[in-house]
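Q: Handing you this structure, nothing more for now.
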Amino acid sequence: MVDAAQIATAERLAERSRRFGPPLLSVDHISLSFGGVKALRDISFDIRQHEIRAIIGPNGAGKTSMLNVINGFYHPQEGTITYKGRERRAMRPHQAAKQGIARTFQNVALFKGMSTLDNIMTGRLLKMRNVRAPETGIVGLDPLLRFGANAIDFALQALYWGPNQKEEARHRAFCEEIIDFLEIQAIRRTPVGKLPYGLQKRVELARALAMEPELLLLDEPMAGMNVEEKEDMCRFVLDVNDEFGTTIALIEHDMGVVMDISDRVVVLDYGRKLADGTPDEVRSDQAVIDAYLGVAH
Amino acid sequence: MAANGSRTLAPRLALWVLLPLGIVAGLGLLLQWMTSQGIGFFDWYFYFEVLITGLLLGVQYSLVALGFVLIFKASGVFNFAQGSMVLFAALTFVGLLENGVHILLALPATLLVMWILAVLVERVVLRRLVNQEQIILFMATIGIFYLLEGGGQLIWGSQVRELNIGLPSGRIELFGGAILVQKFELVTAAIAGILVAVLAIFFNKTRIGRALRAVADDHQAALSVGIPLTSIWVIVWTVAGIVALVAGVTWGTSLGVQPTLALIALKALPVLILGGFTSIPGAIVGGLIIGAGEQVGEVFFGSLVGGAIQDWFAYMLAMVFLLFRPQGLFGERIIERV
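Protein sequence lines, in the order shown, are assigned to chains A and L.
So the first sequence is numbered by our numbering: it starts at 1 and just counts up by one.
So the second sequence is numbered by our numbering: it starts at 1001 and just counts up by one.
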């Protein structure tokens, strides 16, 4: 029986691994410290297209710091980040967003005074622009054209006229699709500050999805949820990955969840990389077991 | 919620129109009755003249309050420096005019200065305080207040100056001279009206407006959806600077440009408490109520209590509001999950 289940899992993984593309993002020899505290030491790993990549480790292992490095909140002292084939020292948060990296936060960062729909619409901000400046490549002319395009765009928005009306409707329709997908129709107009925690997490995921990300970073998406909410969230994560082909990197403490849904797992402890591999490899790794269960001295 | 909103819209509108009219009429009748009892004096024409003067003065309070609302709405920071921005803008404008710069050149030049100021505030102060507690940002704006107040006087001097940019003066007579209204005050009100309309559209209809509201709520989340925090801040402080310039010019025209201009910000505080810190229409309505209230109070009730009602009326009203409706008339409800 056990063998059959293991074989099934192995087959599922093999089937999935056929869909993985080349690495979408790779971090190389990343070191990050805050004063004397070394949060990350010489971390390297990659995330391949379409995979679900888990980052696990005990508290204070540097998991969230790693995500913050990837989307540009932190700038590492050493190492490089290669995203979509471009190598760089560090990202800036809004650049990362523009390049298709979206994320959610451990302690839910939503716009609490706004409705669910408005929150999701902020995820479309980067996509909303109906007048684009042509790229001429002539020095000095481009910024001028960009400024002009912005001004026209701004005027059109202010008048709510012409292409703008259609544009707004299009984005709204997109957000409604996400709302349907995550089954949050009923709370569309509720200010998110009033929502229970589990739903707030779902709205945060919706906002990230509205950005049509290529890489989705989820920081403990299931923390503080009950079993039912966790199951829903797992299903959404898998569906997002399947239907939109979004690459996902997630931090999670629930080992059952991690082993079930992730394709590859990287284990951090005290800022160091302990192990990297499929859930099964990681599960049987002695260093990982020691880190989690402690070791007799 | 939407259905709810439209259902309550009509009665609400009626409330907003009928309630002020009722209060005005009731107060008039009360005064008339008091006069008939031999207390004070009353005349309907005079009453309305005082009321109109008060409302127009209120618009000037609103202009100052508007600057506060903008920055509060877009960064959640109470900008203590708004008053000194008014002074700084007026000083720069008057200083340029006195040095023989034509008004058509001085105006854009002052706007440019306010933009540079916004960039500097963002670069030197705000950028270093991203994701900090709001009290820390507030303390920083106190620093900016003193810097601007001192800096402005250092550059342009601290004597009282006259500002005359050719706004119409003189009076309009209504009802055959029974009610007199200052032309200058009418023009000010018109300018304020236009400004408010433009800002309301800016905040509610444009992409930048939505980004501004997002930044006010949560810095980290705003960054993660790709809103460049730094340029948003520059935009807000520039717009607040423009509003400060308009307020500075109107106040400067009526009071003269002088250092005490920075202190009219204190009069904007009760306006904000009345209207709600996050509401642009609130700033206007709050200003109108306080302007009208203190004029009517001073003229008709002042003699009963020995005068000087004008000095405390606004603050008393604000205190009453803090007790019963702390979010103001139009402010966002304070939502807290326990």
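Just so it is clear, CB atoms sit at the ideal spot from N, CA and C, and this is done for glycine as well.
None of the values given here were measured: they were computed from a predicted structure.
According to the neighbour-count rule (16 or more other Cβ atoms, all chains shown, within 10 Å of its Cβ), is asparagine 107/A buried or exposed?
A: It is exposed - the Cβ of asparagine 107/A has fewer than 16 other Cβ atoms within 10 Å.
Q: Does the beta-carbon distance from isoleucine 52/A to asparagine 241/A come in below 8 Å?
A: Yes; because the gap between Cβ atoms is below 8 Å, this pair is in contact.
Q: How many whole angstroms separate the CB atoms of phenylalanine 45/A and valine 266/A, which I take to be in contact at a CB cut-off of 8 Å?
A: With 8 Å as the limit, phenylalanine 45/A and valine 266/A qualify as a contact, their Cβ atoms being about 5 Å apart.
Q: If you run the structure through DSSP and keep just helix, strand and coil, what is tyrosine 39/A?
A: The sequence shown places alanine at residue 39/A, not tyrosine. Three-state result, alanine 39/A: strand.
Q: For a cutoff of 8 Å on Cβ pairs, would you count leucine 145/A as touching chain L?
A: No, its Cβ sits nowhere closer than 8 Å to a Cβ of chain L.
Q: Spell out whether any CB of chain A is found under 8 Å from the CB atom of leucine 1322/L.
A: False, the Cβ-Cβ gap to chain A never drops below 8 Å.
Q: Let me know the secondary structure DSSP gives tyrosine 1146/L once reduced to three states.
A: Residue state, collapsed to three classes: helix.
Q: Measuring straight from C-alpha to C-alpha, what distance separates isoleucine 1135/L and threonine 1141/L?
A: So the alpha carbons of these two residues sit roughly 10 Å apart.
Q: Using a Cβ cut-off of 8 Å (strictly closer), state whether lysine 84/A contacts chain L.
A: Cβ-Cβ to chain L under 8 Å: no for lysine 84/A.
Q: Quick check: what's the CA-CA separation for methionine 1001/L versus alanine 186/A?
A: Low per-residue confidence applies at methionine 1001/L: pLDDT is 38, beneath 50, and the placement is therefore not dependable, though the value from the model is reported in the following sentence. Going by the C-alpha atoms only, they are around 11 Å apart.
Q: Find out if the Cβ-Cβ distance for the pair leucine 1096/L, alanine 1109/L is shorter than 8 Å.
A: The answer is yes: Cβ separation under 8 Å.
Q: Buried or exposed: where does leucine 1263/L fall if 16 or more other Cβ atoms within 10 Å of its Cβ makes it buried?
A: Exposed, because fewer than 16 other Cβ atoms sit within 10 Å of the Cβ of leucine 1263/L.
Q: Hey, could you find the ends of the alpha helix (DSSP H) threonine 1188/L is sitting in?
A: Its alpha helix (DSSP H) spans residues 1183 to 1205.
Q: Would you say the beta carbon of isoleucine 1290/L is closer than 7 Å to some non-hydrogen atom of the ligand ATP?
A: Looking at this structure, you won't find the ligand ATP or any other ligand, since it has none at all.
Q: Can you tell which of Ala1314/L, Val1094/L, Phe1277/L, Ile1194/L has the C-alpha that lies nearest to the C-alpha of glycine 1252/L?
A: For the residues Ala1314/L, Val1094/L, Phe1277/L, Ile1194/L, the minimum Cα distance to glycine 1252/L belongs to Val1094/L.
Q: I'd like to know whether the C-beta of asparagine 71/A is nearer than 8 Å to at least one C-beta of chain L.
A: Answer yes: the Cβ-Cβ gap between asparagine 71/A and chain L drops below 8 Å somewhere.
Q: Return the CA-CA distance between proline 1270/L and proline 1259/L, expressed in angstroms with no decimal places.
A: Using only the alpha carbons, I get a separation of about 21 Å.
Q: Kindly list the residues whose CB is nearer than 7 Å to the CB of asparagine 71/A, restricted to its own chain and excluding five residues on each side of it in sequence; keep chain order.
A: So the qualifying residues of the chain are Met91, Pro93, Ala96, Ile101, Arg103, Leu217.
Q: Using DSSP with H/G/I as helix, E/B as strand and the rest coil, what is leucine 1329/L?
A: In this structure, leucine 1329/L counts as coil in the three-state DSSP scheme.
Q: So, does the CB of lysine 112/A fall closer than 8 Å to a CB anywhere in chain L?
A: Yes - at least one Cβ of chain L is within 8 Å of the one on lysine 112/A.
Q: At least one CB of chain A closer than 8 Å to the CB of glutamine 1220/L: is that the case?
A: Yes, because at least one Cβ of chain A sits closer than 8 Å to the Cβ of glutamine 1220/L.
Q: Helix, strand or coil: how does DSSP classify proline 1168/L here?
A: Coil at proline 1168/L, not helix or strand.
Q: Closest to glutamine 1310/L by C-alpha separation, out of Ala1189/L, Ala1292/L, Met1319/L, would be which residue?
A: It is Ala1292/L.
Q: Give me the Cβ distance between valine 1064/L and alanine 1247/L, rounded to the nearest whole Å; I'm assuming they're in contact under 8 Å.
A: Yes, valine 1064/L and alanine 1247/L are in contact; Cβ-Cβ is about 5 Å, under 8 Å.
Q: At 3 residues or longer, and completely inside the stretch 82 to 110 of chain A: list those beta strand (DSSP E) runs for me, N to C.
A: You should have 86 to 88, 101 to 103.
Q: Taking 8 Å as the limit between beta carbons, can you name the residues of its chain near glycine 1005/L, skipping five residues before and five after?
A: Bear in mind that a pLDDT of 44 at glycine 1005/L, under 50, signals an unreliable position, so the number given afterwards is only what the model happens to contain. Closer than 8 Å at the Cβ level, and outside the excluded window around glycine 1005/L, lies no residue.
Q: With DSSP as the reference, please indicate the residues paired to serine 115/A in a beta bridge.
A: Bridge partners of serine 115/A: Pro191/A.
Q: How many angstroms separate the CA atom of alanine 1240/L from the CA atom of glycine 1151/L?
A: Approximately 19 Å between the Cα atoms of the pair.
Q: How big is the Cα-Cα spacing for phenylalanine 1286/L and phenylalanine 1046/L?
A: According to the sequence provided, residue 1286/L is glycine. The question's phenylalanine does not apply to it. Approximately 23 Å, taken between the alpha carbons.
Q: Would you report the Cα separation of phenylalanine 34/A and phenylalanine 1313/L, rounded to the nearest angstrom?
A: In a straight line, the C-alpha of phenylalanine 34/A is about 52 Å away from that of phenylalanine 1313/L.
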